[in-house]
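K.L.:
Can you keep this structure in mind? I'll have questions shortly.
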Amino acid sequence: MGRPRRSEGTRETLLDQGLSMFLSHGYHGTGLSEVLASVHVPKGSFYNYFESKDAFVAAVVERYGERLLGLWDGLLATFQGGPLEALRFAFGLMIQSQAGAAGAGCLVGNLAGEIASSSEPARAAMQRVMGGWSDRVTKLVAEAQAAGTVRNDRPARELADLLLDAWEGGQLRAKIERSSAPLERAVALVLGDLFLPRRAGAEPSPRPATATRNSKTTGPLPHTSTRRRRP
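Residue numbers (the numbering used here): 35 to 265.
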């Protein structure tokens, strides 16, 4: 008997359902049997489309990235305003979307905490998604720097990644607090304060020290006493 014919429609259905369930229940809370049963696909047919659950998750992350970046591009395609205003506009709408998503959060951030260290296909897919988003934010930051509305004492990429890191951290806090307030605070602080051009004559902020792979601790940690307590 020949191998069953693959249906592109079935693959798309699996990806869409997987995206919904991984957002709602996470990786470990979502079983393949549940995904398949919910869309009436036999388990044996699953492997016609994906080699493993890890490969499936990686494809779901790619699908999520396509939608995220497509939404981002669509939001800004007709926006009338400067690049800094565009960033505020886009992140503001995303905060509104998160507020109505019952705390689903960001799929990349959610899955990173569960499987980034154990699933290389999924980790690589997450990295590609974040890289694509970073490219878009970096472009706007560079344009804002050229317009004089964003500080230029730091590379555009560095500032863009700071914004995305603050966003992902805010997502985690928002889920814990069941509130969009952490996202609002993070975006407002970065775009409304940390990104602003520096005053003339102000000292540049020091760059964080970069630890080498083979570096060793040469002394006690700050605020840590080395004095032995008496028995």
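Beta carbons are placed, not taken as given, at the ideal position from N, Cα and C, and that holds for glycine.
Can you tell which of G63, D187, G204 has its C-alpha closest to the C-alpha of R233?
P.N.:
Closest option to R233, Cα to Cα, is D187.
K.L.:
What number of angstroms, rounded off, separates the C-alpha of F113 from the C-alpha of F84?
P.N.:
Spanning the two alpha carbons is a distance of roughly 39 Å.
K.L.:
Between the beta-carbon of L141 and the beta-carbon of L70, is there less than 7 Å?
P.N.:
Cβ atoms of L141 and L70: not closer than 7 Å.
K.L.:
Secondary structure at H59, three-state DSSP: helix, strand or coil?
P.N.:
Residue state, collapsed to three classes: helix.
K.L.:
To the nearest angstrom, report how far apart L109 and R122 are at their CA atoms.
P.N.:
Those two C-alpha atoms are separated by around 12 Å.
K.L.:
Please report the residue range of the alpha helix (DSSP H) in which F90 lies.
P.N.:
Here the alpha helix (DSSP H) through F90 covers 87 to 111.
K.L.:
Counting pairs of beta carbons, one from the stretch 96 to 111 and one from the stretch 164 to 182, are three or more of them closer than 8 Å?
P.N.:
With the cut-off at 8 Å, the stretch 96 to 111 and the stretch 164 to 182 touch.
K.L.:
Apart from the five residues on each side of it in sequence, which residues of its chain come closer than 7 Å, Cβ to Cβ, to Q130?
P.N.:
Cβ neighbours of Q130 beyond the five flanking positions: none.
K.L.:
Using 8 Å as the Cβ pair cut-off and three pairs as the minimum, do the stretch 85 to 95 and the stretch 194 to 208 touch?
P.N.:
Touching, no, given that fewer than three Cβ pairs across the two stretches are closer than 8 Å.
K.L.:
Buried or exposed for A180, please, with buried defined as at least 16 other CB atoms from any protein chain shown within 10 angstroms of its CB.
P.N.:
So A180 counts as exposed.
K.L.:
Could you pull out every residue in the same chain whose Cβ sits closer than 8 Å to the Cβ of T47, ignoring the five residues on either side in sequence?
P.N.:
V73, V75.
K.L.:
Given this structure, state the Cα-to-Cα distance separating H59 from A220, to the nearest angstrom.
P.N.:
Whole-angstrom Cα-Cα distance: 25 Å.
K.L.:
Please state whether DSSP places R262 in a helix, a strand or coil.
P.N.:
Because the pLDDT of R262 is 40, which lies under 50, any placement of that residue in the model is unreliable, and the question is left without a value.
K.L.:
Tell me which same chain residues have a C-beta within less than 7 Å of the C-beta of M160, skipping the five on either side of it?
P.N.:
V95, V142, L145, A146, A150, listed in sequence order.
K.L.:
Mapping the DSSP letters down to three states, classify A120 as helix, strand or coil.
P.N.:
Correct three-state label for A120: helix.
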